[in-house]
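The next block holds one structure in the form of structure tokens; read it before the comments.
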């Protein structure tokens, strides 16, 4: 019964966000970013370094639909890592609260973990600050496994912004991520960015630094 209910909820969530996206494309705010990423990984008995890239995208629409997407691929002598996350919120009527969907996939050295969640979304935006968050529970382990993600940005000047976030996943592959960064507009609709992430999971701990370029459209 839980699986039937949870799958119905995720179908409704994805359907609503898809319709909202189509309705709001005329007034979209989107970013696309490509970053070089370096990880210093603590495996307990040893340390290793891995390098790779992260492709990310965000979008927000007047219809109330917003999304955050990340894809990372990195490898080294001891670890091969690939992962993706998509979080989508639908906040109807210009409100701060609504529904959210969250999909995550991670693979380390051939062992993969997936999370498909539905739950509550939150969003707030003014001229200098934006915050988006989602609290979800897994559709396959409804009420037992859950995830929380919050990301924010604050504009210090029209060209310079600082960013931060926290990401938590509670399942067999429990993981916490603390993120800080900054981006600077070097031309109209084009920026450079840098960031630091501390990762604490059930199998490893890691420090991640990134340097990237992106554009707005």
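Numbering (our numbering), first residue to last: 3 to 219. Ideal Cβ positions, reconstructed from N, Cα and C, are used throughout, including at glycine.
Rounded straight-line distance, which links the Cα of residue j to that of residue i
i           : j           : result
residue 154 : residue 193 : 17 Å
residue 191 : residue 197 : 19 Å
residue 168 : residue 182 : 9 Å
residue 50  : residue 178 : 20 Å
residue 208 : residue 170 : 15 Å
residue 64  : residue 31  : 9 Å
residue 272 : residue 218 : There is simply no residue 272 to check, as the chain begins at 3 and stops at 219 in what is shown.
residue 206 : residue 200 : 11 Å
residue 62  : residue 69  : 7 Å
Start-to-end residues for the beta strand (DSSP E) that takes in residue i
i           : result
residue 65  : Looking at the DSSP string, residue 65 is not in any beta strand (DSSP E), and its letter there is neither H nor E.
residue 185 : 177 to 189
residue 93  : Note, residue 93: premise wrong, no beta strand (DSSP E); not H, not E.
residue 218 : 207 to 218
residue 171 : 162 to 172
residue 79  : Where residue 79 is concerned, there is no enclosing beta strand (DSSP E), given that its DSSP letter is neither H nor E.
From the options, residue whose alpha carbon lies closest to that of residue i
i           : options           : result
residue 85  : 56, 123, 138, 214 : 56
residue 106 : 172, 133, 214     : 172
residue 101 : 45, 53, 136       : 136
residue 33  : 185, 76, 103, 205 : 185
residue 110 : 76, 126, 72       : 76
Opposing strand residues paired with residue i [DSSP bridges]
i           : result
residue 121 : 102, 138
residue 144 : According to DSSP, which records beta bridges pairwise, residue 144 is partnered with nothing at all.
residue 51  : 42
residue 115 : 108
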